[in-house]
Amino acid sequence: MISENRKASYKYEVMEHLECGMVLMGSEVKAMREGRVSLEEAYGRVRNGELWLINSDISEYRQATRWNHSPKRPRKLLVHRRQYEQLSRRAHERGLTLIPLKLYFNPRGIAKLLLGICRGKRVHDKRESLKEADAKRRIDRSLRRGRS
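When you number the sequence shown by the numbering used here, it's gap-free, plus one each residue, and the end is 131.
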């Protein structure tokens, strides 16, 4: 795994997710292999019948001089037509957003993005999920102590 959007699970409730391909330049792939990627502020957008990843940050690759890429440029996402139609319908529903969850290379070495269809959490939902995570952590800790 190259990068994970850890804030996504805190800020959003993930309704469903989908694996997408990406149209990238060579310098972007090399920068990704170095782990120089941030998905914190990124989101997906349906524009002109295409799916785009906006505001993702892939830092410049140092060895690529003149042919380097722009770090925050919009990147086209590749999905099958049926998946696109489903995504575009869901993306236009009130309150739903397309958020990148993970960026990774599949076993064949191709960059893939896990895109989630998400609904924003309210403050009380965030507090509730933090309490649940804390309770789960305590239970796991007590179970580990019981085994030793």
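The C-beta atom is built at its ideal place from N, Cα and C for all residues, glycine as well.
Please report the Cβ distance between Val6 and Lys59, rounded to the nearest whole angstrom; I am assuming they are in contact, meaning their Cβ atoms lie under 8 Å.
4 Å
By how many angstroms is the C-alpha of Ile(-15) removed from the C-alpha of Leu1?
17 Å
Using alpha carbons as the reference points, say which of Thr48, Ser21, Arg127 lies closest to Leu150.
Because the chain is modelled from -16 through 131, residue 150 falls outside the range shown and cannot be assessed.
So, is Met(-2) buried or exposed, given that buried needs 16 or more other C-beta atoms within 10 angstroms?
exposed
To which residues of the same chain is Ala47 closer than 8 Å at the C-beta, ignoring the five residues directly before and after it?
Gly9, Ser10, Lys13
With respect to the beta strand (DSSP E) encompassing Gly4, which residues constitute its N-terminal and C-terminal limits?
-5 to 5
Between which residues of its own chain and Ile37 is the CB-CB distance below 8 Å, once the five residues before and five after are set aside?
Ala25, Tyr26, Gly27, Arg28, Pro57
Give me the DSSP bridge partner(s) of Val20.
Answer by DSSP bridge pairing, in chain order: Ile41.
Would you give the residue range spanned by the beta strand (DSSP E) that Arg58 belongs to?
58 to 61
How is Arg121 classed by DSSP in three states: helix, strand or coil?
helix
Unbroken beta strand (DSSP E) run spanning Ala47, endpoints
Run containing Ala47: none; DSSP gives neither H nor E here.
Neighbour-count burial assignment, Gly99, 16 or more Cβ in a 10 Å radius:
With 16 or more other Cβ atoms from the protein chains shown falling within 10 Å of its own Cβ, Gly99 counts as buried.
Tell me, to the nearest whole angstrom, how far the beta carbon of Arg102 is from that of Glu(-13); I am working on the premise that it is less than 8 Å.
The pair is not a contact, with the Cβ atoms about 20 Å apart (cut-off 8 Å).
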